Amino acid sequence: MNSKIMVSVSCITYNHEKYIAAALDSFIMQKTSFNYEILIHDDASTDKTAEIIREYEQRYPNLIKPIYQKENLYSKDVDVDDLNTERATGKYIALCEGDDYWIDPLKLQKQVDYMETHSDCTLCVHAAYIVNVNGRKIKPVRPNAGNKIFTVEEIIEGGGGLFATNTMMYPRHLDANKPDFYKKAPVTDYPLAIYLALKGKVYYIDEFMAAYRKGVSGSWTNTEQSSLEKIIKHINNTEIMLEYLNQHTNYQYDEAINNKNNINQFKIMIAQERFEALKEDKFKAIFKKLEKKEKTKILIKQYFPRSVRVYKRLRKKYKMK
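For the sequence shown, position 34 (counting from the first letter as 1) is numbered 902 according to our numbering, and the numbering increases by one without interruption.
Following this line, the structure appears as structure tokens:
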């Protein structure tokens, strides 16, 4: 086996003591014909996350390369993702946060095999499962039935939920000198996918090789998507990012960006129970493209609002017990 590092696994973690071992085990179980490194950035966890990482570091000193921060940098608006990948030495970077994990021991090998034979591929992703805090499957993240090359337009309109973050692998040399629209983004995975798509081809492998955990206390989803006010703020910041993207690309993707903004505005109006959105032509087209399950949810909210409110109260009541 060549001693050169082929993949740098970048793992950002904070207060993930319940989950970090599962993430680390999923990295260690990878079966590859090449060397890889595990770069862990603990952002000053206040639980036992760092202690667990140290145990793994002692067992795998040549594989696990941690940083233990004494102060939480994320709270100071430091881009800890970039901070961690700056020290990478691999040809490719693979992402996975400390509360997520991989489920296929050949994940890295399969992605590298494709990228090594397709030099124009600047991002390789795959299917994943969204799971709850206990690892039970909730729903799939499967953007296509079958392998596929995604266009820039599809990635813009697909948004941050199109690909699970812990499925992403890309060439390390593209990690430097990211454009302004990336730096203006409220989150990094969505603009990163767009940026990489602008640099080459995005290839999707239709295999479930990762689990993306939802509902973790303190996670971005739980904190930044916890209220309608925060969701609206996030969407407004995303629109600002997309405007910078529009300028960066000389409005080459203006139609896709407008479509994405309409999708986001549609989501806000439905969340606010402003069902007049369903009467506007631009929103009718969005509603028509929704899956049957999502359409049904919206129509129930529209025509049976009292039943929905009762259901929410009961759900909240029994969840608290």
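Even for Gly, the Cβ is constructed at its ideal location relative to N, Cα and C.
In this text, all values refer to a predicted model and were calculated from it rather than measured experimentally.
Inter-residue distance for Arg1181 and Gln1140 is about 18 Å (C-alpha atoms, whole angstroms). By the C-beta density criterion, Val993 is buried, having at least 16 other C-beta atoms within 10 angstroms.
The continuous beta strand (DSSP E) containing Pro1008 extends over residues Lys1005 to Val1009. A residue is called buried once 16 or more other Cβ atoms fall within 10 Å of its Cβ, and Leu1096, having fewer, is exposed. Per DSSP, Ile971 lies in no beta strand (DSSP E) segment and is marked neither H nor E. If you draw a 10 Å sphere on the C-beta of His1041, you find fewer than 16 other C-beta atoms in it, and that means exposed. Tyr1038 has Ile961 as its beta-bridge partners, per DSSP. Bridge partners of Ile998 according to DSSP: Lys1007 and Tyr1080. Under the three-pair Cβ rule at 8 Å, the stretch 967-983 counts as touching the stretch 900-907. With fewer than 16 other CB atoms across the displayed protein chains lying within 10 angstroms of its CB, Glu1159 is exposed.
The Cβ atoms of Lys1128 and Glu1025 sit closer than 8 Å to each other. A residue is called buried once 16 or more other Cβ atoms fall within 10 Å of its Cβ, and Tyr1119, having fewer, is exposed. DSSP places Pro929 in no alpha helix (DSSP H); its state is neither H nor E. Of Tyr997, Met897, Asn1105 and Ile932, the smallest CA-CA separation from Tyr1058 is found for Asn1105. A distance of 8 Å or more separates the beta carbons of His909 and Ile932.
For Asn883, the CB contacts under 7 Å within the same chain, skipping 5 residues up- and downstream, are Ser913, Thr914, Asp915, Thr917 and Gly1086 in chain order. Taking a 10 Å sphere around the C-beta of Asp968, we find 16 or more other C-beta atoms and assign the residue as buried.
The three-state secondary structure of Thr1019, taken from DSSP, is coil.
Pairing Pro1039 with Tyr1063 gives a Cβ-Cβ distance that is not under 8 Å. Residue pairing from DSSP places Val993 in a beta bridge opposite Tyr1072. Ranked by Cα distance from Ile998, the first of Ala1079, Ile1108 and Val948 is Ala1079.
According to DSSP, Asn903 shares a beta bridge with Ile873. Look at Tyr936 here: in three-state DSSP terms it is strand.
Membership of Val948 in the alpha helix (DSSP H) is indicated by the continuous run Val948 to Thr953.
Looking from the CA of Lys1005, the closest CA among Arg1081, Thr900, Met1137 and Ile921 belongs to Arg1081.
A check of alpha carbon separations from Lys1101 across Asn1114, Thr1117, Ile888 and Gln1133 identifies Gln1133 as the nearest.
Within the model, the alpha-carbon separation for Glu885 versus Asp893 is close to 13 Å.
Look at Thr881 here: in three-state DSSP terms it is strand. Val1020 counts as buried, since no fewer than 16 other beta carbons sit within 10 angstroms of its beta carbon. Pro1059: member of the alpha helix (DSSP H) spanning Asp1057 to Lys1067, first to last residue.
Counting along the chain, the unbroken alpha helix (DSSP H) around Lys1051 starts and ends at Asp1048 to Lys1051.
Counting only residues of its own chain and dropping the five nearest sequence neighbours on each side, Gly1029 has no CB closer than 6 Å to any other CB.
Distance between Lys1052 and Asp945, taken at the CA atoms: about 12 Å.
Assigned with DSSP and collapsed to three states, His986 falls in coil, not helix or strand.
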